[in-house]
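Take a look at the structure set out below.
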Amino acid sequence: MYLGIDLGTSAVKAVVTDDGVVVAEASERLDVSRPGPRMSEQAPEDWWRAADAAVRRLKHLAPKVDAIGLSGQMHGAVLLDSGGLVLRNAILWNDGRSEAECAELEGRLDVPGLTGNRAMPGFTAPKLLWVRRHEPAVFARIKTVLLPKDYLRYRMTGELASDMSDASGTLWLDVGGRRFSKPMLDATGLDESHMPRLVEGTEVAGVLRRKIADEWGLKPVPVVGGGGDQAAGAVGAGAVVAGTSFVSLGTSGVYFVPDSTYRPNPDGGVHAFCHALPGMWHQMSVVLSAASALTWVTRLTGAASEAAVVDEVEASGVGPSSVYFLPYLSGERTPHNDPNALGAFVGLDHDVDRARLVYAVLEGVAFAVADGQRVLEEAGANIGEVTVIGGGSRSTYWGRILSAALGRPLTYREDAAVGPALGAARLAALGHAGGSPAVVCPQAPVVESVEASPEAIARSQARFATYRALYRDLKERFPALHDA
């Protein structure tokens, strides 16, 4: 039996698997602090309290657990002093304050050539450059920089370690070489002594402290490297070989394509990262507002819940209309790399009601994912079969809209919403007992396949061209909005 702990943005989830099947799960909610424009932070101590509470709720199974895996939100900057104490709240993946620092890094270095990726405000390295410039007293005290899930590891084991997939999102990693890049560290005033040691996702990275083990009812079991949330989600979804891709509709929207070959496309805003499995990489497009856009419009229109409002839209029979939605509520990564991009409804009239607004949001997110697919294909991605995971996978109605936008069939599987926590448990199994990833990490049984009609695809492709033009037109005509 294996324990997987996933540190998300909105909650910490813990699952226990028995022979690869999830037999119990628990979660604890988290809140996000927004201390200023485009800022997003959390207190690492809140992560620990939530993880502790979630695991304690699974205590009845704890004595049988053989190993632990970790997954978590990527890119966050956890700053520790020489005593291992947190210096400030962690700056999160969806924080956009470091736009100037990204430009500075790309002006000084060939960032794409060194890392395979463009400098984006969400990544960790520009955040540290921001801290160095705006909080010099804090920067001077930094002994170690950790990613969110790796802070949990530190509290659990005392070890300072990070896996290749999560470290890929720092902008300090030579992703092709699976090692830290000295020029990138130098550019932020740091060196390898400030970094955790690098391990593969299936490699044992520490042993649970006796005190924590006793409190949780576990033995002092090994804790493996784990993975960033998307790589761990891929392991949970069985996306462990080329041609087994997925779209994750969570807070953000991710198109994940695994490959045994390193294939960067930084000009298209594609993320080229290590997978959580040795000898594997992946390409990824990222939409910063996916299911979170649905949550936003649900609250804006006073609907009871996301599920209820989607049911309302489906029952109303509305379809594509004059209304378009640009889902850039938190800026955008792929393909625009524009932290200042703003969301917009375009084409409103007196006939627009809640159902039409929500349909436009569902379609707008689908178009944003399709924009990511476009640049993935330009990079030679071997997409193959596409599975839908994450909270948005609960709605196959949304899936039909997405299928039309992508122009391809989509697969829905059992436990599609479990995601990264299951992947973390599977990585623990691989680290503890070994075995082939293809055997230990199978794809779940298919529940349903969704495929849009040729007519729906043709209609969606025509609307997609308008959607893409809207971003360009708004950015050109209202630059002050984007630069505010």
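Position one of the sequence shown corresponds to residue 361 (my numbering), numbered consecutively onward.
By construction, the Cβ of each residue, glycine as well, lies at the ideal position given by its N, Cα and C atoms.
- Task: Check T771 in the structure and name its three-state DSSP category.
- Result: The three-state secondary structure of T771, taken from DSSP, is strand.
- Skipping 5 residues on each side, what residues in its chain have a beta carbon closer than 7 angstroms to that of T756? Counting only Cβ-Cβ distances below 7 angstroms, and skipping sequence neighbours, we find Y772, E808 and V810.
- Item | Rounded separation between A411 and H554 - CA only | Their backbone Cα atoms lie some 25 angstroms apart in a straight line.
- Based on the DSSP secondary-structure assignment, which residues constitute the bridge partners of S676? According to DSSP, S676 shares a beta bridge with no other residue.
- Rounded to whole angstroms, what's the CA-CA distance from W408 to L390? Just pull it up for me. Distance from the CA atom of W408 to the CA atom of L390, rounded to whole angstroms, is 11 angstroms.
- May I ask you to list the residues that DSSP assigns as paired with L367? DSSP lists V372 and G432 as partners of L367.
- Reference Y362, options F838, L452 and L782, closest by Cα: For Y362, the nearest C-alpha among the options comes from L782.
- Query: Alpha carbon to alpha carbon, what distance is there between G529 and A591?
  - Reply: For the pair A591 and G529, the Cα-to-Cα distance works out to about 11 angstroms.
- Message: Can you tell me whether V383 is buried or exposed? The criterion is at least 16 other CB atoms within 10 Å of its CB, across all chains shown.
- Response: Exposed is the call here.
- Task: For the beta strand (DSSP E) holding G783, just list the boundary residues, first then last.
- Result: Bounds of any beta strand (DSSP E) do not take in G783; it lies within the alpha helix (DSSP H) bounded by P780 to A793.
- Confirm, please, whether the CB-CB distance from V505 to V438 is below 8 angstroms. The answer is yes: Cβ separation under 8 angstroms.
- Length-filtered (4 minimum) alpha helix (DSSP H) runs lying within the stretch 572-633: Listed in chain order, they are 589-597.
- Message: Taking only three categories from DSSP, how would you classify D510?
- Response: Judged by DSSP in its simplified three-state form, D510 adopts helix.
- Task: Go ahead and pull the three-state DSSP assignment for V382.
- Result: Assigned with DSSP and collapsed to three states, V382 falls in strand.
- Task: Given a cut-off of 8 angstroms, decide if R623 and A788 are closer than it, judged by their beta-carbon atoms.
- Result: No; because the gap between Cβ atoms is not below 8 angstroms, this pair is not in contact.
- Would you decide whether P802 is buried or exposed? Buried here means 16 or more other CB atoms lie within 10 Å of its CB. Around the beta carbon of P802, a 10 Å sphere encloses fewer than 16 other beta carbons of the protein chains shown; the residue is thus reported as exposed.
- Residue interval of the alpha helix (DSSP H) (run including L736): For L736, the enclosing alpha helix (DSSP H) starts and ends at R714 to E738.
- Residues near V673 in its chain [Cβ-Cβ closer than 6 angstroms; skip 5 each side]: Cβ neighbours of V673 beyond the five flanking positions: A715, V718 and Y719.
- Task: Quick one: measure Cβ to Cβ for V721 and L654, integer angstroms, because I've assumed they're closer than 8 angstroms.
- Result: Between L654 and V721 the Cβ distance is about 6 angstroms, and since that is below 8 angstroms, they are a contact.
- What's the call for V657, buried or exposed, on a 16-neighbour Cβ count within 10 Å? With 16 or more Cβ atoms within 10 Å of its Cβ, V657 is classed as buried.
- Item | Assumed close pair H635, V617 - CB separation to whole angstroms, cut-off 8 angstroms | Between H635 and V617 a beta carbon distance of about 10 angstroms is seen, past the 8 angstroms cut, so the two are scored as non-contacting.
- Using 10 angstroms around the beta-carbon of S649, count the other beta-carbons present and answer buried if the total reaches 16, otherwise exposed. A residue is called buried when at least 16 other Cβ atoms come within 10 angstroms of its Cβ; S649 meets this threshold and is buried.
- Message: Looking only at its chain, what residues have a beta carbon closer than 7 angstroms to the beta carbon of R538, apart from the 5 residues adjacent to it on each side?
- Response: Non-local C-beta neighbours of R538 in its own chain, meaning closer than 7 angstroms and more than five positions away in sequence, comprise M524 and C634, ordered along the chain.
- What residue from G751, S431, S690 and G752 has the CA that sits closest to E560's CA? Minimum Cα-Cα distance from E560 among the listed residues G751, S431, S690 and G752 corresponds to S431.
- Roughly how many whole angstroms lie between the Cα atoms of A565 and S652? One C-alpha to the other measures close to 33 angstroms.
- Message: Judging by CA-CA distance, which residue of D574, S370, G549 and G732 is the nearest neighbour of V607?
- Response: Comparing Cα positions, the closest option is G732.
- Task: Tell me whether the beta-carbon of K509 lies closer than 8 angstroms to the beta-carbon of I451.
- Result: At least 8 angstroms separates the beta-carbon of K509 from that of I451.
- CA-CA distance, A845 and V729? Missing from the structure shown is residue 845; the chain here goes from 361 to 844 and no further.
- Message: Can you tell me whether W453 is helix, strand or coil according to DSSP?
- Response: Reduced to three states, the DSSP call for W453 is coil.
- Task: In the DSSP assignment, find the beta strand (DSSP E) that holds T747 and state where it starts and stops.
- Result: For T747, the enclosing beta strand (DSSP E) begins and ends at E745 to I749.
- Going by DSSP, which residues form a beta bridge with Y684? Its beta-bridge partners are V706.
- Sort S605, G628 and V800 by Cα distance to L770 and report the nearest one. From the listed residues S605, G628 and V800, the smallest Cα separation to L770 is found for S605.
- Task: Return the residue from the list R416, R754 and D833 that minimises the CA-CA distance to S387.
- Result: It is R416 whose Cα lies nearest to the Cα of S387.
- Query: Using DSSP with H/G/I as helix, E/B as strand and the rest coil, what is S522?
  - Reply: Three-state result, S522: strand.
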